[in-house]
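What follows is one structure encoded as structure tokens, with my remarks underneath.
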Amino acid sequence: MNKQDKPLKVTIKTFGCQMNVYDTEVASGILKHQGYEIAHEHEDEESSVIANEVKQSQIASSLETPRNDRQKKKDWRRIDSDIVLMNTCSVREHAEERVQSRMGMLKKAKETNPDLIIGLMGCMVEEHREKLFKKYPHLDLMVGTRNLKELPDLIKTVRERRTQVSSIKQDGISIEYTDQIQRTGKYHAWLPIMTGCNKVCTFCIVPITRGSEVSMKARDVYREASRLVEEGVQWITLLGQNVNSYNGAEVTVGSKQEAVSSLQNEVAVPTADSFLPTGFPALLDMLCEIKGLERISFTTSHPHDATEELFQVIKKNSKISRRFHLPLQSGSNNMLKRMKRLHTFDEYKEKLARLKSLVPDISLTTDIIAGFSGETDQDHEETMKALEAIRYDGAYIYKYSLRPGTPAAKLPDDVPQEIKEKRNAELLTLQRKITVECNQSWVGKTTHVFLESQSSRHPGFLIGRSDNEKRVTVKAPPDKIGSFVQVHLDSLHHETFTASLLL
Ligand code: SAH
Ligand code: F3S
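In the working numbering, the protein residues as written are 607 to 1109.
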């Protein structure tokens, strides 16, 4: 872009998971660096969310905004942007439908402003590829999750030639570490460490959209985490479709201390006898050594790969978040088998019991699918019983949505919509009650909170997250923002605690 021109305005709308939030931050940074002006919109899928907090992806950006306010749909027929990019999600049909509805509005917008550039990124691009150009003749560009760096060139080509362009690489890693990133959070950062998934959960489209597992090298993760800390970040959430099967091997020999000192001193990695960790627990353990990095969260874990070694690392390091998200999907062994989840409910429950015995104050959250293929009333009852047995602090509950191309697409989607809705509502009601009870049990206790921002609704109050990632408002001076404090949890209002500062 010509520097003296008025900057072109890019609106980026993000659907879906935290990985997309990160990719948007990268795309925004790259474009901003090229002189574009960036405006953001984030929209989580309207899932039946019940958790003691807003979804992780909203932590840094909008701690205070109630969900419904955030999700007011803008009328894009009159959008005042030069370029609109949608970072899309394919995990459920509904997420794709909402992109389609926006594409409809943008068609109208382009009739009044033919110069408008419309682009797509994210999982729908990986799933449908060039077919989308046929479906939407007004779509100008598509960029794959592995090609974000090419975004400025693609926009330039569209502006010069007014032709449909795309860059969608099939393999390799879709993670870009860049200091150009435009992070939303000052103190919190997302840090992807692996992408793709080698599991074959039959309902899931992620192995198709994100491909096979690929991990960043431990050295690169460590370096990026250290860079973020130098920028003032104190809390990092490690991201991956299945972080527990992270494999950043450069061969593991030697002690953690040797590995850390090799990294801190930037010693060249010997080919055969490097000390760097291969697996996730060792990586986590090593990141805990970074001075100034005060809290580390991670998501998502697959129960099969959540090991004793991981639990021991969590126990050992108080820097690791005391909230563990472990998707269950169903409490019925029949369903778990049909979903190819690789474990029974009892095996899953035993793992969590072991974790709880090692780290008693840990909060547990999960994902549940209601109405998967073949689910009977009995199966549903078993999921209800599972919620009662585990007593999660929160759960994301979704109605099953058949995804073309997944193994389950060959199975009948035979639970009628109204039954899915009914089961979904029952699970929600039950989980809501358990969430309130879990939260109530914290009132009167003392906890450690990271203060992130000022409350706009309650002057004199700051907002933060406890070690269990529960939302807390604390009466404290603004200079405490960006620090960890001990608080007494006085009361609970909906899912937010009011606390007083302990000196
Ligand atoms: N391990 C992944 C899971 C991706 S999908 C990650 O979080 O990175 C997130 C959740 O969406 C899953 O745990 C599952 O509960 C839900 N989900 C996935 N596919 C679905 C489908 N076809 N219908 C309904 N829910 C689905
Ligand atoms: Fe999807 Fe199962 Fe992998 S839910 S992301 S296939 S662990």
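Each residue gets a CB set at the ideal place from its N, CA and C atoms; glycine is no exception.
Contacting residues, own chain, Cβ-Cβ under 6 Å from residue i (five flanking each side not counted)
i: GLN664; result: Here the model assigns GLN664 a pLDDT of 35, short of 50, so the residue's position is not dependable, and the following value carries that caveat. Here the set comprises nothing.
i: GLN984; result: none
i: THR905; result: HIS931
i: TYR998; result: LEU970, THR971 and THR972
i: VAL919; result: PRO887, LEU890 and ASP891
i: CYS894; result: ASN923 and LYS925
i: TYR1006; result: ILE975, GLY977 and PHE978
i: ASN658; result: The pLDDT assigned to ASN658 is 33, lower than 50, so where the model puts this residue is not dependable; a value taken from the coordinates is nonetheless given after this. Only ASP999, GLY1000, THR1041, ASN1045, LYS1076 and GLU1101 meet the Cβ criterion.
Residue i vs residue j beta-carbon contact at 8 Å
i: ILE975; j: SER938; result: no
i: GLY854; j: LYS805; result: no
i: LEU1033; j: LEU993; result: yes
i: THR694; j: GLY725; result: no
i: SER818; j: GLY838; result: no
i: ARG929; j: ASN1030; result: no
i: THR1079; j: ILE1087; result: no
i: VAL827; j: ILE799; result: yes
i: ILE636; j: LEU757; result: yes
i: MET945; j: THR808; result: yes
i: ALA912; j: ASN850; result: yes
i: GLY885; j: TYR852; result: yes
i: ALA715; j: PHE621; result: no
i: ASP785; j: ARG833; result: yes
i: VAL1021; j: GLU981; result: yes
i: LYS1028; j: VAL965; result: no
i: LEU1110; j: LEU844; result: This structure cannot speak to residue 1110, because the chain is shown only from 607 to 1109.
i: ARG698; j: TYR1004; result: yes
Cut-off 7 Å between Cβ atoms - residues of its own chain near residue i, not counting five sequence neighbours on either side
i: LEU1008; result: ALA1014, ALA1015 and ASP1019
i: ARG735; result: ILE774
i: LYS741; result: none
i: HIS949; result: PRO909, HIS910 and LEU942
i: GLN1092; result: THR1052, HIS1054 and LEU1108
i: GLY1066; result: LYS1081
i: ALA959; result: none
Paired residues, beta bridge with residue i - DSSP
i: ASP973; result: TYR1002
i: PHE739; result: Looking at the DSSP assignment, PHE739 forms no beta bridge with any residue, so it has no partner.
i: SER1171; result: There is simply no residue 1171 to check, as the chain begins at 607 and stops at 1109 in what is shown.
i: ALA645; result: THR617
i: PHE1056; result: ARG1071 and PHE1090
i: ASN693; result: THR620 and MET727
i: ALA795; result: ILE842
i: PHE904; result: LEU844
i: GLN935; result: ILE974
i: MET748; result: LEU726 and SER772
i: ARG929; result: SER969
i: VAL820; result: THR801
i: HIS700; result: DSSP output for HIS700 lists no bridge partner at all.
Inter-residue Cα distance where the pair is residue i and residue j
i: LEU890; j: TYR954; result: 22 Å
i: THR1104; j: GLY1050; result: 11 Å
i: LEU1017; j: THR815; result: 20 Å
i: LEU1095; j: SER1106; result: 7 Å
i: LEU961; j: PHE917; result: 6 Å
i: SER867; j: ARG829; result: 13 Å
i: VAL835; j: ARG825; result: 15 Å
i: LYS619; j: GLU647; result: 5 Å
i: SER903; j: ARG1077; result: 15 Å
i: PHE1090; j: ILE926; result: 14 Å
i: VAL1055; j: TYR793; result: 13 Å
i: ASN940; j: LEU934; result: 13 Å
i: ASN719; j: ARG704; result: 22 Å
i: GLY846; j: ARG765; result: 35 Å
i: ALA666; j: ILE787; result: With a pLDDT of 31 at ALA666, under the threshold of 50, the modelled position of that residue is not reliable, and the figure given next carries that caveat. For ALA666 and ILE787, the distance between alpha carbons rounds to 15 Å.
i: ARG1038; j: GLY1000; result: 8 Å
i: LYS552; j: SER907; result: Nothing can be reported for residue 552: it is not among the residues displayed for the chain, which extend from 607 to 1109.
i: LEU722; j: TRP682; result: 12 Å
i: SER963; j: SER1072; result: 21 Å
i: ALA995; j: VAL731; result: 40 Å
i: GLU956; j: LYS991; result: 15 Å
i: GLU900; j: ALA831; result: 12 Å
i: ILE968; j: ASN626; result: 27 Å
i: VAL690; j: CYS623; result: 19 Å
i: GLY710; j: GLY641; result: 29 Å
Beta-carbon contacts of residue i that lie in its chain and below 8 Å, excluding the five residues immediately before and after
i: GLU733; result: SER696, ILE811, ILE814, THR815 and GLY1011
i: LYS1115; result: A question about residue 1115 goes unanswered here, because the residues of the chain that appear run from 607 up to 1109.
i: PHE739; result: LEU745, MET748, GLN770 and SER772
> Three or more C-beta pairs closer than 8 Å, one from the segment 1036 to 1047 and one from the segment 1060 to 1074: is that the case here?
Replying inline: no
>> I want to know whether the segment 768 to 785 touches the segment 746 to 755 - three or more CB-CB distances under 8 Å.
In response: yes
> Is there contact here, the segment 615 to 627 with the segment 681 to 690, by at least three beta-carbon pairs under 8 Å?
Replying inline: yes
>> Under 8 Å, with one C-beta from each stretch per pair, do the segment 780 to 790 and the segment 626 to 634 reach the 3-pair mark?
In response: yes
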